[in-house]
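Heads up, the final residue of the sequence shown is numbered 417 in the working numbering, and it's a clean run with no missing numbers.
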Amino acid sequence: MSEPQHIHDMIGVGFGPSNLALAIALQERAQAGAPKLDALYLEAKPRFAWHPDMLLEGSDMQVSFIKDLVTLRNPASPYSFLSYLHTQGRLERFVNRKSFFPSRQEFNSYLVWAAAQLEDTCRYGQRVTGAEPVQDPGGSGEVLAVTAEDETGRQTRYLTRDLVLAIGGKPAIPDTFAALQDHPGVVHSSSYLSTVQPRLAAAGKPLKVAVIGSGQSGAEIFMDLANDPSRPQVDFIFRSHALKPSDDSPFVNEIFDASFTSHVYQQPADQRRALMAEYSNTNYAVVDGDLIDQVYGLFYEQEVASGSAYRLLRSTCVTAAAASGQQTQLTLQPAQGGETRSGAYDLVILATGYRRRLGETLLAGLEPHVHFESPDRNYRMRTCGTFRPRIFLQGYCEETHGLSDTLLSVLAVRVDEIAEALLTPQPAQLAAAE
């Protein structure tokens, strides 16, 4: 692996919606007369893809199309969702739908369309494995050396003055299933379409499936399985007594306004935690009300028909899981305690969400130089000593910036703030918070 000599102004790790929106913001600023940054984005996937395994037929967005890559920052941007519809010749027909919520498949097509226009700024198939501070070969100070590898294992090093991390979360695997992550019968929802659908089609008989988790993904997958032509037997398992609706009422939705981010950031840590708890029913372990109606209706119609293909195992905990040949044996117990029971499943689908831990990312090697807690208001990590490179975070600041941080809601405004910071000369050191 040869040592690079060229130094980029900024490298973005990941090229999903967050860094795609940043690339657009920087481009539009340059077109308006701001300095043009030498920016490069490194993406592990071979092409642009946004949650490809959850693009279920009939699934819609849960946020307005106005919260696209650009509109809340620049309504006149040519990269808006409406501009996309116009180029596709569907604008009037979309208006006729009288809905703010496109299908997830259509919104993904919009993102692919936007990414294709900035393809020259991204290198796909480059999985970043680490970053470390090095001296600029030209002698101008400290920079970051970013190491990436392709699918063959060939490594490439890149140099950059600043870094923007936007790699999303990792599948959250419950401890009960930790030893079964490589078992073919245990699948996280993030791999649903590419893994489960082929298994159902090839089985030649109805499979027995468990869906674990009471959030939006769990409910969507349950309904998708219920509509599958292979007619699997499905147990829908979760700890709570009921599927709970997400609160998307107008006043509550104001917590996703960009201005609310500053309000959250200004609060002491205990107040931020209280706000998170108060409004967790907007995003965590909740389901869209229309989808709850569909799930309830399915069980009601099954009762009318005296069917038994689908079971709702609520107030139920999975206390143990073990491989049993190609199947998985689950031990189930009432959430309030009591006798256990067991069942064997051909497929267990974990709709258990994602985790975001900076210490588990490529930044782990920078621990002596950065603070993993308390980024500044502009999403910049606080650094130690004379560490010069700046590192910005997209999607890793929920504890300090609020529930909207991992969502699309503030995307366009957040990247504008990061772009402004990237283009503004900063002191070499941002002192750690006391």
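By construction, the Cβ of each residue, glycine as well, lies at the ideal position given by its N, Cα and C atoms.
A303 burial status per 10 Å Cβ neighbour count (16 or more: buried) = The residue in question, A303, is exposed, as its Cβ has fewer than 16 Cβ neighbours within 10 Å.
Output the distance between the C-alpha atoms of Q88 and L94, rounded to the nearest integer angstrom.
-> As the crow flies, the alpha-carbon of Q88 is around 10 Å from that of L94.
Host alpha helix (DSSP H) of F239 (start-end) | For F239, there is no enclosing alpha helix (DSSP H), as DSSP marks it with neither H nor E.
DSSP three-state call for L23: helix, strand or coil?
-> Under the three-state reduction of DSSP, L23 is assigned to strand.
Roughly how many angstroms separate the alpha carbons of V355 and Q14, rounded to a whole number?
-> Note that residue 355 is Phe in the sequence shown, not Val. Our two residues, F355 and Q14, have alpha carbons roughly 34 Å apart in a direct line.
Once you ignore the five residues that flank M44 on each side, which residues in its own chain have a CB closer than 7 Å to its CB?
-> Scanning its chain for C-beta atoms nearer than 7 Å, with the 5 sequence neighbours on each side dropped, one finds around M44 the residues F84, P85, R87, F90, in chain order.
Spatial neighbours of Y267 in its chain, beta-carbon cut-off 8 Å, leaving aside the 5 residues before and after | Once the five neighbours on either side are set aside, the close Cβ partners of Y267 are G198, G336.
Note down, in chain order, each residue of its chain lying with its Cβ closer than 7 Å to the Cβ of R338, except the 5 sequence neighbours on either side.
-> Sequence-distant partners of R338 (beyond 5 residues in either direction) whose C-beta falls short of 7 Å from its own C-beta, in its chain, are G152, K153, A155.
When we look at the beta-carbon of V78 and count the other beta-carbons within 10 Å, is it buried (16 or more) or exposed?
-> Result: exposed.
Okay, do the segment 36 to 43 and the segment 194 to 212 touch, 3+ Cβ pairs below 8 Å being the bar?
-> Between the segment 36 to 43 and the segment 194 to 212, the count of Cβ pairs shorter than 8 Å is three or higher; the stretches touch.
Taking C-beta to C-beta, are P189 and S174 nearer than 8 Å?
-> Taking 8 Å as the Cβ cut-off, P189 and S174 do not qualify as a contacting pair.
Rounded to whole angstroms, what's the CA-CA distance from R360 to N236? Just pull it up for me.
-> C-alpha separation (whole angstroms): 21 Å.
Taking I(-6) as the reference, give the member of T70, G113, T54, A292 with the closest Cα.
-> Here the closest residue by C-alpha is G113.
Whole runs of the alpha helix (DSSP H) within the segment 187 to 243, excluding any shorter than 4 residues = Complete alpha helix (DSSP H) runs here, min 4: 199 to 209, 233 to 236.
Nearest to E125 by CA position, among T323, Y279, H(-9), A334, is which residue?
-> Nearest option by C-alpha distance: H(-9).
Look at the Cβ atom of P228, then the Cβ atom of V269, and state whether they are nearer than 8 Å.
-> Yes, the pair counts as a contact, with Cβ atoms nearer than the cut-off.
Please name the residue in L296, A131, Q250 whose C-alpha comes closest to that of A193.
-> Checking every option, the nearest Cα to that of A193 belongs to L296.
Can you grab the Cα-Cα spacing for the pair D119 / L146, in whole Å?
-> C-alpha separation (whole angstroms): 15 Å.
Option in G(-3), L9, S1, P351 with minimal Cα separation from A404 | The residue among G(-3), L9, S1, P351 with its C-alpha nearest the C-alpha of A404 is L9.
Tell me, please, which residues DSSP counts as bridged to M(-7).
-> Note: M(-7) is bridge-paired with A22, D145 in the DSSP secondary-structure output.
Identify every residue that forms a DSSP beta bridge with Y471.
-> No answer is possible for residue 471: it lies beyond the span of the chain, which begins at -16 and ends at 417.
Going straight from the alpha carbon of E381 to that of P157, what length do you get?
-> Approximately 21 Å, taken between the alpha carbons.
Straight-line Cα distance separating L281 from S47 = Distance between the alpha carbons of S47 and L281: 28 Å.
Which whole runs of the alpha helix (DSSP H) in the segment 78 to 120 are 4 residues long or more, in chain order?
-> The qualifying runs are 87 to 99.
At a cut of 8 Å, does the segment 62 to 82 reach the segment 24 to 37 through at least three beta carbon pairs?
-> No: the two stretches stay apart, fewer than three of their Cβ pairs being nearer than 8 Å.
Rounded to a whole number of angstroms, what is the C-alpha to C-alpha distance between L341 and L376?
-> Using only the alpha carbons, I get a separation of about 10 Å.
Delimiting residues of the alpha helix (DSSP H) encompassing A395 = A395: member of the alpha helix (DSSP H) spanning 394 to 406, first to last residue.
Using three-state DSSP, classify D273 as helix, strand or coil.
-> When secondary structure is reduced to three states using DSSP, D273 falls in the helix class.
Segments of 4+ residues assigned as alpha helix (DSSP H) that fall wholly inside the segment 358 to 397 = Uninterrupted alpha helix (DSSP H) stretches at least 4 residues long and entirely within the segment 358 to 397 occur at 381 to 384, given in chain order.
Return yes when the Cβ of L163 is within less than 8 Å of the Cβ of T344, no when it is not.
-> In this structure, L163 does not lie closer than 8 Å to T344 by Cβ.
Whole-number beta carbon distance between A6 and L101, since they are thought to touch under 8 Å = Right, their Cβ atoms sit about 5 Å apart.
How far does the beta strand (DSSP E) with I332 in it reach, from first residue to last?
-> Taken as a continuous stretch (DSSP letters only), the beta strand (DSSP E) holding I332 covers 330 to 333.
List the whole-angstrom C-beta distance separating G196 from A334, where the pair is believed to meet the contact cut-off of C-beta under 8 Å.
-> That pair is a contact at about 3 Å.
Determine, using beta carbons only, whether P116 and P317 come nearer to each other than 8 Å.
-> With a cutoff of 8 Å on beta-carbon distance, P116 and P317 are scored as not near each other.
Would you kindly report the start and end of the unbroken beta strand (DSSP E) that includes T159?
-> Element bounds for T159: n/a, residue is neither H nor E.
Enclosing beta strand (DSSP E) for Q316 [first to last residue] = Counted as a single uninterrupted DSSP element, the beta strand (DSSP E) harbouring Q316 occupies residues 310 to 317.
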